[in-house]
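With our numbering applied, the sequence shown corresponds to residues 2 to 257, in that order.
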Amino acid sequence: MAALEVVQVRALSDNYIYLLHDASNGATAVVDPAEAGPVLDELERRNWTLTHILNTHHHDDHIGGNGELRAKYDIEHVGFSGDAHRIPNMHVQVKDGDTYDFAGHVAQVFETPGHTSGHIAFWFEADGALFCGDTLFALGCGRLFEGTAEEMWASLSKLKVLPPETQVYCAHEYTQSNARFALSVDGTNAELQARSDEIDRARAADKPTVPSSLAIELATNPFLRADDATLAANVGLAGADPIAVFTEVRTRKDNF
Ligand code: ZN
Ligand code: FE
């Protein structure tokens with residue numbers, strides 16, 4: 002078993018698809034293929050054969066390429082058991098607390114509802130990599146389409162406790178607009194100010210701001226900081242419980 006190689010593929014307007022590859026056995030997984038085209042191009046460029054599809058949730062910009070990729074390759078397709086009705090024909094169905102073995106790389110599966118009622122994240126502990134779909138973004142979190150603030154805070158709380166050096170591979174490049182919002186609720190946070198400047202430089206050069214480390218998210222992402230006293234005070238909720246603060250921050254973001 003070799004180290005897990007992670008390749009970021011841009012898709013649609015702001016999606017990131019990930020290819021996971023183990024050079025010792027040739028296994029190659031795709032996480033959330035928004036569309037097949039860019040995945041096929043990258044596979045061809047690297048001369049890799051796709052062997053697995055991992056889905057975090059049912060949205061079309063995460064499963065849109067499943068059908069075409071499955072038609073072309075002999076693939077093991079894995080996703081959340083609770084989404085079997087809307088992620089068709091999965092071979093392997095997983096749920097919270099399960100592990101999933103991708104070619105010797107073991108991922109822990111977390112159910113992380115909030116953005117959608119069914120959503121999972123894959124944490125490859127030994128490789129220090131978290132694939133969290135639309136739950137945790139760089140400086141943000143997913144919109145609450147099917148879940149509640151309470152559910153999303155509980156989901157984020159599962160991710161908060163992972164090792165700080167974990168690399169967070171989220172599914173969208175939303176970071177620059179997230180940074181503007183974050184500054185509006187946490188403007189005195191020096192680490193956030195510095196990160197925001199870095200993000201502006203990266204985006205001006207058309208560079209990705211993803212992945213990030215969990216450590217920098219813990220220090221700067223307002224949605225992970227709903228239990229921070231300064232942030233609570235900044236949104237007029239000093240001393241309130243984290244769910245109330247999270248709800249307020251999420252509502253402000255929706256209207257930002
Ligand atoms: Zn989504
Ligand atoms: Fe998405």
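Where a beta carbon is used, it is the ideal one built from N, C-alpha and C, also for glycine.
Distance between beta carbons of residue j and residue i, contact taken as under 8 Å
i	j	result
residue 170	residue 7	7 Å
residue 233	residue 241	6 Å
residue 62	residue 35	5 Å
residue 23	residue 105	7 Å
Proximity winner among the options, relative to residue i (alpha-carbon distances)
i	options	result
residue 17	228, 218, 210	210
residue 294	25, 54, 186, 48	The chain is shown from 2 up to 257; residue 294 falls before or after that span and cannot be answered.
residue 213	228, 197, 227	197
residue 11	43, 119, 2	43
residue 69	26, 257, 158, 89	89
residue 127	137, 135, 202, 108	108
residue 78	202, 54, 85, 157	54
residue 251	46, 202, 137, 191	137
residue 236	195, 188, 200	188
residue 3	25, 111, 46	25
residue 245	152, 15, 192	152
residue 67	91, 47, 97	91
residue 162	218, 32, 33	218
residue 141	97, 111, 193, 33	193
residue 33	249, 46, 13	13
Beta carbon of residue i nearer than 8 Å to that of residue j
i	j	result
residue 5	residue 20	no
residue 154	residue 223	no
residue 179	residue 139	yes
residue 160	residue 122	yes
residue 132	residue 52	no
residue 87	residue 59	yes
residue 50	residue 27	yes
residue 227	residue 247	yes
residue 81	residue 93	no
residue 257	residue 182	yes
residue 157	residue 225	yes
residue 135	residue 143	yes
Proximity test, Cβ basis, 8 Å: residue i and chain D
i	result
residue 113	Going by chain labels, chain D is absent from the structure shown, which holds only one protein chain.
Check: Three or more C-beta pairs closer than 8 Å, one from the segment 89–109 and one from the segment 174–181: is that the case here?
Finding: no
Next item on the list: Tell me, please, whether the segment 37–47 touches the segment 110–123 by the rule of three or more beta-carbon pairs shorter than 8 Å.
Entry: no
Check: Within the chosen definition, does the segment 154–169 reach the segment 197–210 through at least 3 CB pairs nearer than 8 Å?
Finding: no
Check: How would the residue list near the ligand FE read, in chain order, if you kept each one whose beta-carbon is closer than 6 Å to any heavy atom?
Finding: 60, 62, 63, 135, 172, 173
Margin query: Would you call the segment 137–155 in contact with the segment 68–76, where contact means no fewer than 3 C-beta pairs closer than 8 Å?
Written below: no
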